[in-house]
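Have a look at the structure below before the remarks.
Numbering (our numbering), first residue to last: 15 to 247.
In structure tokens, the structure reads:
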């Protein structure tokens with residue numbers, strides 16, 4: 015077993031890096047990958063950078079170069095579900111691209127659908143990893159935990175109207191910029207994955223201010239969950 019752990023930003027991997035017993039570092043596609051152990055498990059930790067392309071490249075490198083058997087994505091997100099508050103946790107049941115839009119081509123391609131793609135455009139997280147994540151979240155004894163759809167797109171959402179639109183159109187629980195790319199790359203390579211997101215903002219007009227203020231808290235909670243999942247695997 016070798017577990018790949020990805021965060022988009024330094025803040026999202028710093029706590030996990032501190033916990034690892036690192037024995038190797040390497041660079042691929044100008045990204046640094048840390049090999050180490052934690053709870054007697056082999057771990058490869060990396061920062062993807064922001065956005066779906068970066069996330070997809072990093073996931074494929076983890077699979078091809080490091081032969082990871084599981085992929086965990088950790089970090090922060092904006093809330094779509096109005097019941098979620100800053101610091102709450104979302105565990106992915108699935109992930110989908112909200113900015114994929116080929117609807118002008120055909121009614122067979124509603125928003126979010128990848129055209130001419132032979133698989134479902136909503137990528138389902140691994141059931142066992144979801145259960146382990148749910149158990150890990152319960153041990154935190156504090157934040158609200160929801161299992162739901164993670165929406166990804168190459169834009170930072172800070173608009174109430176877009177929050178309402180994406181919530182209604184896709185029934186999304188939270189919104190961010192990488193998870194669906196990690197999910198698609200993992201799915202196509204038949205590697206189980208789960209996305210753990212801690213809410214850093216409400217994805218509304220207050221998002222830039224609250225994002226900066228609460229990212230560290232949210233990232234700490236996501237990292238705690240990932241550690242617990244690793245221990246349980």
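Note that beta-carbon positions come from the ideal geometry of N, C-alpha and C, so glycine has one too.
Note that this is a predicted model, so its numbers are computed, not measured.
Pair within 9 angstroms by beta-carbon distance, residue 205 and residue 77 | Closer than 9 angstroms, so yes.
Look at residue 82 and residue 18 and say whether their C-beta atoms are less than 9 angstroms apart.
-> Contact check for residue 82 against residue 18 passes: the beta carbons are separated by less than 9 angstroms.
Element boundaries [alpha helix (DSSP H), containing residue 72] | Looking at the DSSP string, the run of the alpha helix (DSSP H) that includes residue 72 is 66-80.
Between the beta-carbon of residue 69 and the beta-carbon of residue 192, is there less than 9 angstroms?
-> Against a cut-off of 9 angstroms, the Cβ pair of residue 192 and residue 69 comes out as a contact.
Among 54, 182, 210, which one has its Cα closest to the Cα of residue 151?
-> Minimum Cα-Cα distance from residue 151 among the listed residues 54, 182, 210 corresponds to 210.
Leaving out five residues before and five after residue 154 in sequence, what residues of the same chain have Cβ atoms less than 8 angstroms from its Cβ?
-> For residue 154, where only same-chain residues beyond five positions count, the Cβ hits under 8 angstroms are 103, 235, 238, 239.
Rounded to whole angstroms, what's the CA-CA distance from residue 179 to residue 212? Just pull it up for me.
-> One C-alpha to the other measures close to 21 angstroms.
Give the secondary structure of residue 133 by DSSP, where H, G and I count as helix, E and B as strand, and everything else as coil.
-> DSSP places residue 133 in coil when its eight states are reduced to three.
At least three beta-carbon pairs within less than 8 angstroms, the region 83-102 to the region 188-202 = In this structure the region 83-102 lies against the region 188-202, because at least three pairs of beta carbons, one per stretch, are closer than 8 angstroms.
Between the beta-carbon of residue 101 and the beta-carbon of residue 168, is there less than 9 angstroms?
-> Cβ distance not < 9 angstroms, so residue 101 and residue 168 don't count as in contact.
Cβ atoms of residue 131 and residue 80: under 9 angstroms apart, would you say?
-> No; because the gap between Cβ atoms is not below 9 angstroms, this pair is not in contact.
Entirely within the region 137-216 and at least 4 residues each: give me those alpha helix (DSSP H) ranges in chain order.
-> Taking only runs of at least 4 residues, the alpha helix (DSSP H) segments lying wholly in the region 137-216 are 141-154, 174-184, 193-202.
Who pairs with residue 48 in a beta bridge, going by DSSP?
-> Residue pairing by DSSP places residue 48 opposite 39, 59 in a beta bridge.
Can you name, in chain order, every residue of its own chain whose Cβ lies under 7 angstroms from the Cβ of residue 16, other than the five neighbours on each side?
-> Beyond the five residues adjoining it in sequence on each side, residue 16 comes within less than 7 angstroms, by CB distance, of 56, 58, 80, 81, 82, 83 in the same chain, given in chain order.
Name the DSSP beta bridge partners of residue 85, please?
-> Paired residue(s): 18, 207.
Look up residue 120 in the DSSP assignment and say whether it is helix, strand or coil.
-> In the three-state reduction of the DSSP assignment, residue 120 falls in the coil class, being assigned neither a helical nor a strand state.
Range covered by the alpha helix (DSSP H) that runs through residue 30 | Segment 24-33, the alpha helix (DSSP H) holding residue 30.
Do you know how far the Cα of residue 110 is from the Cα of residue 124?
-> C-alpha separation (whole angstroms): 13 angstroms.
Please say whether residue 93 and residue 215 have beta carbons closer to each other than 9 angstroms?
-> Yes, Cβ-Cβ distance for residue 215 and residue 93 is below 9 angstroms.
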